[in-house]
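Here is the structure we will look at.
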Amino acid sequence: MTAYAGKRETTLASSLLTMITFAAAAVWLVPLIFTVLMSVRPPAEPVTQGGIFFGSAITWQNYTRAWEIAPWLTHYANSLIFVVGTLVVQFFTITTAGYAFARMRFFGRDVLLVVMLLQLMIPPGVLLVQNFATIRDLGLFDTHVAMMIPYWGSAFGVLLLRQAFRGIPLELDEAARMDGASVFQLLRHIYVPLSVPTYIAFAVVSVSSHWNEFLWPLLITQSENVRPLTVALNRLIRTADQGSLYSLLMAGTVLVIAPLSIVFIVFQRRFVESFASSGLK
Amino acid sequence: MTARPRPSLYARALPYLLIAPTFVIVFLFTLKPTVSAVVDSTFRPARLPQDSPSFVGLENYLALFDPAHHIGARFGGILLNTLLFGFGTVLITTPLALTFAVLINRRLPLRGLWRFGFVYPSLLPVIGAASIWAFIYADQVGLAAAIFGAGNPNWLGSPSLALLSVMVVHIWSQTGYTMLLYLAGMQNIPRDLYEAAALDGAGDVQQLVYITVPLLQRTTLFVLTIAFTFAFQTVDQLQALTEGGPGDRSNLLLYFIYQNIGERRNWGYINAMTVILGAIVLVFTLSNFLLFDRRGRES
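Here is the structure:
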């Protein structure tokens with residue numbers, strides 16, 4: 019990420035561009051800033067009352083009330099179970115399939131690869147009605163597994179790993195086979211350790227997309243014991259909207275968006291690289 | 028592994044065993060539902076659950092485009108909204124993201140902070156973004172009301188503004204991710220090109236127009252296809268902001284499908300709509316694959 023426009027840029031033009039950048043980023047940040055500010059404003063005090071930024075007083079009341087409204091710990095746990103349960107199974111399925119497609123010859127391989135790619139062309143989210151029926155038929159309605167199961171096979175992940183595995187020298191593979199290593203030993207001792215960056219990139223994309231998922235969990239869950247954070251937030255929006263309880267809503271929103279935002283701030287580089295590389299491959 | 032006496036059978040079966048878990052999922056949640064959506068879209072559900080549905084050919088599709096039909100009366104507008112939403116958001120997000128990428132790809136104080144400013148909306152759950160904008164758009168007590176004062180329109184409740192207001196949320200949340208893709212693309216442009224151009228007396232603007240933008244063409248194609256695909260599948264914000272209203276003026280296809288899931292008598296139409304939505308998404312994803320296929324083969 020080096021700057022290409024170095025010395026030719028006049029100081030004036032350069033500082034003008036810098037100002038424009040700050041202004042644009044500031045506009046983009048305004049919603050976040052006011053979300054946080056609203057969340058510490060006294061309840062039912064509109065932004066026009068008191069100081070526009072800090073209101074008449076700073077209070078944690080909204081957080082304590084928001085915390086009481088819903089069983090947040092259960093929802094955090096549900097979101098966590100959803101993303102971890104999805105990711106762990108994905109690691110197994112994409113590893114074995116990625117290896118088969120990268121390093122094995124078998125009848126129908128190319129056709130099967132194209133069939134698998136259909137998942138990327140028609141995402142499961144579009145097939146809401148049919149997948150809802152499947153979940154019911156499997157007797158999984160309102161369970162954690164129902165949220166995860168459509169993602170337990172990931173064409174995207176298989177493609178990423180196929181690419182990574184193909185970059186590993188074939189000689190390593192052959193030497194280990196001579197020593198009598200099984201496919202699973204090969205994977206465990208050679209392929210997986212050498213592809214850690216790819217696994218991380220996949221994990222970042224998988225975790226952040228499922229942590230944020232909403233419509234599918236909303237559709238196939240019913241009870242608080244199973245529903246993730248996003249669905250809980252939706253309920254809070256309903257409640258808040260009717261009573262104009264926006265300070266409360268913003269406190270709830272902060273509770274929901276904080277974990278992933280903190281992880282992002284800490285691992286910003288990782289995130290940026292993962293999104294960029296997984297996107298372009 | 029029980030096939031030790033006949034190792035060749037195990038060896039031959041092994042690749043299929045390795046891909047089996049993935050394929051079970053792809054079969055259950057992609058192949059089977061795709062086929063059943065297409066098949067079921069040609070049937071009309073029976074009035075009673077125990078009776079079998081009757082084959083009606085393309086009647087469900089024709090009904091969708093018949094303004095006198097109870098679903099058709101709504102479908103046309105919703106399809107139009109969906110296309111407007113898709114094209115409108117993508118055609119604004121993409122140039123905006125390129126601009127931001129160019130702005131941020133320079134020597135800047137606190138660059139990490141500004142990058143975070145652009146990118147964080149893409150990391151929020153769409154429902155979280157919608158929640159924030161529910162406050163911004165809120166009548167009288169919202170942030171927009173504080174800015175516009177007495178002239179503040181009813182953003183989500185007015186028929187002419189509802190769709191636009193929902194599009195703003197999508198643009199705000201997607202631009203940062205697109206910007207990241209552009210930033211990654213920019214790192215692949217050789218620096219000597221800029222140095223050579225600078226030696227030949229090309230200014231910054233000329234470098235941008237003749238080097239950066241043309242060399243990002245591939246990234247742009249890629250960005251466009253994924254942005255369209257994503258736009259057609261993202262309806263979470265509707266649940267929080269407008270529920271498709273007022274009077275379907277902000278309704279989108281996938282959300283309309285979601286709203287009708289419980290209506291057994293509409294199943295034929297829902298399946299027909301799913302097929303149409305799937306076809307729209309397929310056009311974009313397929314073009315992505317055809318355009319980028321060569322890249323995958325190279326390695």
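Heads up: the sequence lines are chains Z and L, in that order.
Heads up, this note's numbering is the position in the first sequence plus 18, with the first residue counted as 1.
Heads up, this note's numbering is the position in the second sequence plus 27, with the first residue counted as 1.
Cβ coordinates follow ideal geometry from the N, Cα and C atoms, glycine included.
Residue i burial status per 10 Å Cβ neighbour count (16 or more: buried)
i         : result
Asn-96/Z  : buried
Pro-72/L  : buried
Met-134/Z : buried
Val-223/Z : buried
Val-304/Z : In the structure as shown, chain Z starts at 19 and stops at 299, and residue 304/Z therefore has no counterpart that could be examined.
Glu-231/Z : buried
Thr-29/Z  : exposed
Ser-207/Z : The question names Ser, but residue 207/Z in the sequence shown is His. His-207/Z comes out exposed.
Ser-326/L : A caution first: Ser-326/L carries a pLDDT of 34, below 50, which makes its placement in the model unreliable, though a value can still be read off. Burial call: exposed.
His-97/L  : exposed
Ile-280/Z : exposed
Gln-137/Z : buried
Thr-82/Z  : exposed
Asn-278/L : buried
Pro-241/L : exposed
Asp-155/Z : exposed
Phe-114/L : exposed
Which of helix, strand or coil DSSP assigns to residue i
i         : result
Gly-103/L : helix
Arg-74/L  : coil
Gly-73/Z  : strand
Phe-119/Z : helix
Thr-20/Z  : In this predicted model, Thr-20/Z has a pLDDT of only 44, less than 50, meaning its place in the structure is not dependable enough to derive any value.
Ser-262/Z : coil
Ser-200/Z : coil
Phe-82/L  : strand
Ala-95/L  : coil
Trp-199/L : helix
Asp-166/L : coil
Gly-185/Z : coil
Leu-318/L : helix
Leu-188/L : coil
Ile-288/L : coil
Arg-134/L : coil
Leu-205/L : In the sequence as displayed, the identity of residue 205/L is Thr instead of Leu. Three-state result, Thr-205/L: helix.
Arg-127/Z : helix
Thr-114/Z : helix
Asn-108/L : helix
Gly-274/L : coil
Val-53/L  : helix
Phe-232/Z : coil
Gly-139/L : helix
C-beta neighbour in chain L for residue i, strict 7 angstroms
i         : result
Phe-293/Z : yes
Val-106/Z : no
Ser-262/Z : yes
Val-284/Z : no
6 angstroms CB neighbourhood of residue i in its chain, flanking five on each side removed
i         : result
Ser-68/L  : Asn-87, Asn-298, Ala-299, Val-302
Val-308/L : Thr-256, Phe-259
Ser-265/Z : Met-56, Arg-59, Pro-61, Asn-80
Phe-293/Z : none
Ala-88/Z  : Ala-250
Nearest-angstrom beta carbon gap, residue j and residue i [assumed within contact, 8 angstroms]
i         : j         : result
Phe-71/Z  : Leu-47/Z  : Wrong, their Cβ atoms sit about 14 angstroms apart, outside the cutoff.
Gln-264/L : Val-193/L : 6 angstroms
Thr-57/L  : Pro-142/Z : 6 angstroms
Ala-164/Z : Thr-239/Z : 7 angstroms
Ser-262/Z : Val-168/L : 6 angstroms
Phe-143/L : Ile-283/Z : 7 angstroms
Met-268/Z : Thr-53/Z  : 5 angstroms
Ile-255/Z : Ser-158/L : 5 angstroms
CB contact below 7 angstroms: residue i versus chain Z
i         : result
Ser-185/L : no
Leu-150/L : yes
Ala-30/L  : With a pLDDT of 47 at Ala-30/L, under the threshold of 50, the predicted position of this residue should be treated as unreliable, and no value is reported.
Ser-192/L : no
Ser-63/L  : yes
Ile-15/L  : A question about residue 15/L goes unanswered here, because the residues of chain L that appear run from 28 up to 326.
Asp-263/L : yes
Test: residue i CB closer than 7 angstroms to a CB of chain A
i         : result
Ala-118/Z : Considering every chain present, this structure includes no chain A. Its protein chains are Z and L.
Cut-off 8 angstroms between Cβ atoms - residues of its own chain near residue i, not counting five sequence neighbours on either side
i         : result
Leu-188/L : Pro-180, Asn-181, Trp-182
Ile-46/L  : none
Arg-324/L : The pLDDT assigned to Arg-324/L is 43, lower than 50, so where the model puts this residue is not dependable; a value taken from the coordinates is nonetheless given after this. Contacts found: none.
Ile-154/L : Asp-263, Gln-264, Gln-266, Ala-267
heavy atom of the ligand FMN below 6 angstroms from residue i C-beta
i         : result
Asn-287/L : Absence of the ligand FMN from the depicted structure is noted, as is the absence of any ligand whatsoever, leaving it without description.
Contacts around residue i, its chain only, beta-carbon distance under 7 angstroms, and the 5 residues preceding and following it disregarded
i         : result
Phe-82/L  : Thr-69, Phe-70
Arg-245/Z : His-93, Asn-96, Pro-235, Thr-239
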